[in-house]
Every structure is written in structure tokens, then in C-alpha cells.
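Letter by letter, the sequence shown follows residues -40 to -1, 1 to 492 of mature numbering (1 follows the signal peptide of the UniProt record, and there is no 0). All remarks here apply to the structure that follows.
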Amino acid sequence: MVSAAALNLEAAAPFAVWRRLSLIFILAAVLCCAVQESFASDGYMGASMDELLGEAVEPKPDKGKAKAKAPAAAAFVSAKASAPAAAPAPVPPSSGRNSTSSEGSADGSVGVTCPKTRHVRHCISGRILYLTTISYEGDSCARKKKVKRTRADRNCPIGTKYSRTKCSRSGYRIETSLTVYLDDCVCKRRKLSTKKRCTPECKPATQRTRCIDNSLYRIESGEKVVNFACTAYTKQVALKPDCTVGVRKKPGTCRGLFMTVTELRTTYRNCRCRTTRKRVRVRCACPKTKVRTRCDGNVKMRISTVYRLKRNSCKVETKVKRIPISCPKNRVKSRSSCRADCSQTVTETWAEVRNCRCVRPVKKRTVKCCCPKPQRNSYCRGSVLHSMVRRFQLRGGRCKEKVKVTKKPIVCNKKYRPVKSSCAFNGYRRVILYNQERRGCECVKRRRITYEKCGCGKDYTTEKCDDNVWIVKAVTHKMDGAKSACKRSVAVRKKPIKCRGKLHRRVSRCQSDGYRVVRQLVEEARDCVCVT
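This is the structure we're talking about:
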């Protein structure tokens, strides 16, 4: 029995290897093409998403279910193990997902092979990845499930980056765009390259100079762009160095009145400007200005000798400034008190120019300080009165006499001037007449007395009625001064009497005969009175 079992195991070993390889290929095809079939083959087609995305470790099944599954698994294994033993010839691998193999042991026991661990990948919304691991452990092949949730875009830099190469010497550059994106929670990259025309960066031009037969040339060599490509070129340009700078002078430090100047001369020789130096001692300063003064009459002369530096030599300039000397023009006089003989001492000082200076000489003299009072004298010659007045005025310390003669003709008033008294009761008054008569150069008064009429009759007024005309007569008397007589004047005023002519109606009572008397009265003038 032992040898028979051993032979059966040796015969079944090649077939077990073949079955395992077949199972690997079948599982790969099933996972890629139909995930649901793999779930359905294991009895999980009806499982919900919550079960698939549940805890990492599936909870342990109940004891009753575990016991029920164990015999089924044992039967499944035993059925698979017995099949190849019955047929010694090679059998093609079955299409089932689970395969079992049994190997004989020394004690005759049979081993159980569980399904391999499966990894199920599930993508949601293109970014969230759920990885479910299903494994079978133990002799009873207990199924365990573990779910791991990750974000697919966490380590996936989504976006597009552009880059380009440098422009080649042939005039092209490569522009590359690298796009990173998610495809079913898988980070993928797409690279696109484009060849474009560009302007290349050619070698920079270099310049060098070269002397040929005492002529200087600048040789420029480099590359330039021709039809988007770098082409070499060489250019030669004749240079003309400007050595005609002339003589440049570099002054040194002035010490005293002189300084050292370095003269730089530039000449062209062997394609180069060469400079020669020569030191020359030149004047850099002049003596200070000298000033002296001199007097010329009343004018002060200020002579200035100025030294000016022009073209390394001192030029002498003389300036003369004439300053007129002026002294105060006011004279100061002082007088002593006036003495009894009308004399006083006057001291006078003033300023004058002597040798361009102001000096003050003093001069004293005695002058009159008062004069006699005016003297008056008059005399008569014929009818003219001569009046002579001698006045003395103090001028310049001397009494100067001034005589004034006034001639006044004597004219007396010969016209009588009346002086009248009041009027007497008899109608006359006294009149005194005054006049003048000349005697030598004097007028003597004379008087003469006369009488004149001064009064007349009284004034009166009379009134009378003449044919209903009221006549008023006013008689006045007035003195005629020239004739000394009374002048009578009469003024008559007439006023006609006019009544209003108003009608007065008077009605009597009614008489017994049935009549009444009606009287109509009208005003009329009678003896200058209106009556009805």
C-alpha cells in the first residue's frame, strides 16, 4: 500500500506543477478583464460597496458558518486530489480558479492548499484609490479582507511644464511640453517635442589690430546669422589714430611766483601715438598790489599799481582815483554879551582844506549889538505936511540909518455935517451945521445953527355910501426933507355892495276859503345894506 501510494504521488507531481502555472495565467486574465467575475466566482458578487470598503481585517465568521465551510473546503480539496490519481495519463489544466494538490506523507496524511492572496484595485472619481487585499489563512482557508484608501494625486504633480533647448548653430531648437495627469488613479506622463526655427547665438566677434607699413588696421572676425545659420566672416577696417592732440600742459604746484609745467607732445610713429615730455618753468603769480597817496591842491589822489597775470607774464596796470576833499560848510559863530556901549565880540570858526586836510581857523571881531531909538520930525510947507522918521537897523554888526519922509496934503472937510435935535411942539427943530477950515497944516472946526420944520397935521380916514358903493378915503401927511414942507396925499378905495339874491319863500296857513298866501322875498341893496 505504501509503495502504491508513493507511486501515485510521483505520477501526480508533474501534473500539479502544470496546474499551478495554468492557474497563475488564468488569474491574471480574470483580474484584467472581469473583476466582477472574480468576485462572483468566490461568492462575492452580491457584496455591497460598504463590505468591500469596510475594515482592513474582515471580522471572524460565526462558528456555525465556519463549520459549514470547512467540510465544503475539504470536499473540494479531496475531489481535486482524487481526480489526477485516477487517470495516470496527463490531463490538461482545468479552467477553475482554485486548485488543490495533495502529497503523501510518511504517516499517510493528506495536505490542504488554499487559494492565493488576491489584490483588488478600485478607483473612485479618478483620484481616490481603494486597494483591497483578500487572503486565505489556516487549515480551513479562512478568508480575510484588508482595504487601504489612498489619494492618487498626492504624489502626482498634475500640470504642464515647458522647456526648450538652446538654439543650435543650424538654426533649430527643440521645445518640449511634459504633461502629468491622472488616468484611472494612475499618474501618467505625456511628452511632446517640437522642432522650431530660431536665431542661433553665434560666436561673438573678436577684434584685433595690426600694423602694416605704418598703417593701423582693425581686423574683426566672428559669425553672423545668414538664413537662420551661423556663417563666419572677417572684416578689415583702416584706423586713423588721432595724434593731433597738440601740446598738452600739465601744471604743477605754484611755489612763490613760479611753477614747473610739464608739456606733453603727441606724435604718430609705428602705428602708435607716442608722447614726449618737456618741463618748463613759468610764472604763476604776480606781486601784490601797491597803493600810494598824493595831494594835489584840494584833491586827494590814490594811485594803485596792479599786477595781472596774462600769458605767463605780469602786466602792470596803474589806476588813479581822485578823491575830492570836502569839509563841513557850516560856520559856527559865538557872541559875547552886549556891553553898555552897544558893542560885543563875535568869534567865528569854519572848516577849510589845507594839504588835503580839514582845518578850523578862528576869527574874532567887534561889532555893534544895539542901535539908537527911531527919531521923528515933521514940518509944514504950504498945504503939505512933511513927516521924517530916522530909523537905525543892526546889520552885520553895524547900525545902518534909514530915513523915511512922508508927504501928506492937508485937505479939510468943507461940507456941512448937520446935527438935528428932536422935533419941538411947534413943529420945528434946531439944526447945527459943522464943517472944517484949513489954517496952515491944521483943520479948524466951524459951527452954524439953523431951524427947520419937522411936523405936519394928523392922518385920518373917512367912509361913506354913494349909490350902494362904499367909499373909503385915507388922508396922510409926509414931510419933504428937501423942502422942509408938508406933503398931503389922499388914497380913495371904492367897494360896490353886491347881495346874494337868495330867494326866501314864506307860506301862510290855509285859509277858510281854501287858499294860502305864498310870499317870495329877494335880497336887494339899500344904503349899502342887503335887505329883503
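Think of the CB as a built atom: it goes at the ideal place given N, C-alpha and C, for glycine as much as any other residue.
| Item | Value |
| --- | --- |
| Just reading off the beta strand (DSSP E) that Gln471 is part of, what are its end residues? | No beta strand (DSSP E) contains Gln471, which DSSP labels as neither H nor E. |
| What distance in whole Å lies between the Cβ atoms of Cys145 and Arg87, which are believed to be in contact at a cut-off of 8 Å? | 7 Å |
| Taking the beta strand (DSSP E) that Asn337 falls in, what are its first and last residues? | 335 to 341 |
| When burial is assigned at 16 or more other CB atoms within 10 Å of the CB, is Lys289 buried or exposed? | exposed |
| Under a CB-based cut-off of 9 Å, is Leu199 close to chain B? | The structure shown has no chain B; it contains just one protein chain. |
| Please classify Lys105 as buried or exposed, where buried requires at least 16 other C-beta atoms within 10 Å of its C-beta. | buried |
| Using DSSP with H/G/I as helix, E/B as strand and the rest coil, what is Ile(-17)? | helix |
| Rounded to whole angstroms, what is the Cα-Cα separation between Lys458 and His437? | 33 Å |
| Have a look at Gly182, Lys413, Cys359, Pro160 and flag the residue whose alpha-carbon is nearest the alpha-carbon of Lys380. | Lys413 |
| When we look at the beta-carbon of Cys190 and count the other beta-carbons within 10 Å, is it buried (16 or more) or exposed? | buried |
| Under 9 Å between the Cβ atoms of His82 and Ile94? | no |
| Between which two residues does the beta strand (DSSP E) containing Arg325 stretch? | 322 to 328 |
| Measuring CB to CB, does Thr227 end up less than 9 Å from Cys203? | yes |
| Which residues mark the beginning and the end of the beta strand (DSSP E) in which Trp430 is found? | 429 to 440 |
| Using 9 Å as the threshold, is the C-beta distance between Ala192 and Glu183 below it? | yes |
| What number of angstroms, rounded off, separates the C-alpha of Lys374 from the C-alpha of Ser347? | 24 Å |
| Enumerated in chain order, which unbroken segments of the beta strand (DSSP E) with a length of 3 residues or greater are wholly contained in the segment 169 to 254? | 175 to 185, 190 to 199, 207 to 211, 218 to 229, 232 to 243 |
| Pull up the CB-CB distance for Arg466 and Arg479, whole angstroms please, since I reckon it's below 8 Å. | 4 Å |
| Where does Cys214 land, buried or exposed, given buried means 16+ other C-beta within 10 angstroms? | exposed |
| According to the neighbour-count rule (16 or more other Cβ atoms, all chains shown, within 10 Å of its Cβ), is Leu481 buried or exposed? | exposed |
| What does the alpha-carbon distance come out to for the pair Pro332 and Cys298? | 14 Å |
| Can you check which of these residues, Pro284, Thr166, Cys127, Ala445, is closest to Lys195 by C-alpha distance? | Thr166 |
| Once you ignore the five residues that flank Asn174 on each side, which residues in its own chain have a CB closer than 7 Å to its CB? | Asn230, Cys231 |
| Where does the unbroken beta strand (DSSP E) through Thr491 begin, and where does it stop? | The displayed chain sequence assigns Val, not Thr, to residue 491. It spans 489 to 491 - the beta strand (DSSP E) in which Val491 sits, taken as one unbroken run. |
| Nearest by alpha-carbon distance to Thr422: which of Ala434, Asn428, Gly342, Thr265 is it? | Ala434 |
| Just to confirm the assignment, what range does the beta strand (DSSP E) spanning Ser382 have? | Neither: Ser382 is in no beta strand (DSSP E) and is coded neither H nor E. |
| Could you give the C-beta distance for Arg243 and Cys274, rounded to a whole number, given that I count them as a contact under 8 Å? | 7 Å |
| The beta strand (DSSP E) spanning Cys274 covers which residue range? | 273 to 284 |
| Would you mind working out which of Arg389, Trp430, Val292, Val489 sits nearest Trp310, comparing C-alpha positions? | Val292 |
| Does the Cβ-Cβ distance between Cys287 and Lys328 come in under 9 Å? | no |
| For Glu161, which of helix, strand or coil comes out of DSSP? | coil |
| Could you say which of Glu308, Arg114, Ile263 lies nearest to Arg254 if we only look at CA atoms? | Ile263 |
| Note the first and the last residue of the continuous beta strand (DSSP E) segment covering Arg408. | 402 to 413 |
| How many angstroms separate the CA atom of Lys260 from the CA atom of Val365? | 59 Å |
| Apart from the five residues on each side of it in sequence, which residues of its chain come closer than 8 Å, Cβ to Cβ, to Arg285? | Inspection of the sequence shows that residue 285 is occupied by Ile rather than by Arg. Taken in chain order, the residues that qualify are Asn258, Val259, Lys260, Val313, Cys316, Arg317, Cys318. |
| Considering only C-alpha positions, which residue in the set Val452, Arg239, Lys200 is nearest to Met219? | Arg239 |
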